[in-house]
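Student: Residue numbers for the sequence shown, in this note's numbering: 175 to 486. A virtual CB, placed ideally from N, CA and C, is assigned to each residue, including glycine.
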Amino acid sequence: MAIADKLAKSRRALTNTARPTDRRDSGGWLAKIAPGVSKFVSKRETPENLWVKDPDTGEMIYRPDLEASLWVTPTGRHMRINAQTRLSFTFDNGEYEALDTPAVPEDPLHFSDGKPYSQRLKAARDASGAKDTMQIGYGKVADVPCVVLVQDFTFMGGSLGMAAGEAFIAACRYAAERKVPLVAITASGGARMQEGTLSLMQLARTTLAIQELKAAQLPYIVVLTDPTTGGVSASYAMLGDIHLAEPGALICFAGPRVIETTIREKLPEGFQRAEYLVDKGMVDRVVPRAELPEVLGALMSMLMDGKRRQGY
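1. With the cut-off set at 9 Å, would you say P276 and E340 are in Cβ contact?
2. Have a look at K296 and F285 and give me their C-alpha separation to the nearest angstrom.
3. With a threshold of 8 Å, are at least 3 pairs of Cβ atoms found where one atom belongs to the stretch 437-446 and the other to the stretch 249-267?
4. Which residues share a DSSP beta bridge with I416?
5. With 16 as the cutoff for other CB atoms within 10 Å, does Q368 come out buried or exposed?
6. Excluding the 5 residues preceding and the 5 following L473 in the sequence, name in chain order all residues of the same chain whose CB lies nearer than 7 Å to its CB.
7. Evaluate contact between the stretch 342-357 and the stretch 316-333, counting only Cβ atoms and requiring at least three cross-stretch pairs below 8 Å.
8. In whole angstroms, what is the alpha-carbon distance linking R447 and S243?
9. Given this structure, state the Cα-to-Cα distance separating A423 from P401, to the nearest angstrom.
10. Report buried or exposed for D326, applying the criterion of at least 16 other Cβ atoms within 10 angstroms of its Cβ.
11. Locate the alpha helix (DSSP H) running through K388, then write down its first and last residues.
12. Our contact map puts A337 next to M308 with C-beta atoms below 8 Å; I'd like the distance itself, whole angstroms only.
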């Protein structure tokens with residue numbers, strides 16, 4: 175028995191000696207010489223998306239440099255940006271008043287395309303932090319007061335549904351109430367299929383809202399960005415007093431791939447791009463992103479000059 179007791183004691187001693195050190199208790203050597211520093215170090219993380227791939231060349235671009243260039247790559251591609259970024263660089267000093275967009279019934283058709291529409295809306299809102307594709311701001315652009323409506327392609331492809339239609343109508347009325355121009359910056363893949371005919375009705379409703387601006391003799395300027403397609407290009411995107419476009423923007427109803435498949439012919443180089451449409455008279459001018467606020471201000475100032483002399 176004495177020998178068995180000695181062997182048991184030896185095993186217990188060996189087990190206690192080999193027990194791993196609890197790192198939570200010790201904190202390592204850094205905690206011993208500088209308590210609290212290890213916590214600070216452990217929280218440091220490498221920022222995500224620090225580099226962005228150039229879609230034309232495949233080269234990696236340092237994200238802060240891309241942001242400083244307003245998301246225009248060294249090759250001149252004007253990358254898609256969200257509504258908040260667009261509003262911030264369009265208004266003077268990035269200062270503007272965010273205007274409310276009306277609430278609408280959600281998922282009126284209880285639609286599902288393999289995933290309920292209500293879930294798609296929630297996912298899009300969680301990802302973007304916005305209620306829908308349209309955002310409205312009021313402020314000064316090149317010192318000219320105006321209302322700016324931005325269509326965000328990052329929210330469900332900028333699709334036109336009831337919420338977008340109501341927001342456009344609201345923007346027209348905000349401009350009419352304040353007696354200022356309306357600038358609409360479009361980006362859309364077309365009508366929102368999950369809302370069916372209700373989305374198609376917005377083509378007529380937005381067209382009627384533009385008539386209210388014309389009745390008030392207020393300018394309506396459209397800035398076409400990549401891409402502006404489908405029902406949006408068949409309605410308010412092509413009803414402006416002046417149409418500007420960013421370089422390389424795709425502007426069309428049906429895309430070139432659909433047309434080529436239908437007619438079985440190769441389309442001309444640059445077909446349906448902003449520069450091509452300037453030559454065909456569909457767009458008035460192609461304006462680089464950095465120059466857009468200055469050009470908008472000059473146009474609105476010129477178009478509003480008569481209204482100012484009348485005392486508005």
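Tutor: With the structure as the only source:
1. Start at 1 with the first residue of the sequence shown, and residue 276 comes out as number 102. Start at 1 with the first residue of the sequence shown, and residue 340 comes out as number 166. Yes, the pair counts as a contact, with Cβ atoms nearer than the cut-off.
2. On the sequence shown, position 122 is the one that residue 296 refers to. On the sequence shown, position 111 is the one that residue 285 refers to. Going by the C-alpha atoms only, they are around 14 Å apart.
3. With the cut-off at 8 Å, the stretch 437-446 and the stretch 249-267 do not touch.
4. Taking the first residue of the sequence shown as 1, we reach residue 416 at position 242. DSSP output for I416 lists I395 as bridge partner(s).
5. As a working note, residue 368 is residue 194 in the sequence shown. Around the beta-carbon of Q368, 16 or more other beta-carbon atoms lie within 10 Å, marking it buried.
6. Translated into positions along the sequence shown, residue 473 becomes position 299. Cβ neighbours of L473 beyond the five flanking positions: I395, I416.
7. Segments in contact, yes.
8. Here the question's residue 447 lines up with position 273 in the sequence shown. Here the question's residue 243 lines up with position 69 in the sequence shown. Each residue's Cα considered, the two are about 22 Å apart.
9. For this step, residue 423 is matched to residue 249 along the sequence shown. For this step, residue 401 is matched to residue 227 along the sequence shown. Within the model, the alpha-carbon separation for A423 versus P401 is close to 6 Å.
10. Numbered from its first residue, the sequence shown carries residue 326 at position 152. Buried.
11. Here residue 388 refers to the residue found at position 214 when the sequence shown is read from its first residue. Going by DSSP, K388 is part of the alpha helix (DSSP H) stretching over 370-389.
12. Within the sequence shown, numbered from 1, the residue matching residue 337 stands at position 163. Within the sequence shown, numbered from 1, the residue matching residue 308 stands at position 134. A337 to M308, Cβ: 7 Å. Contact.
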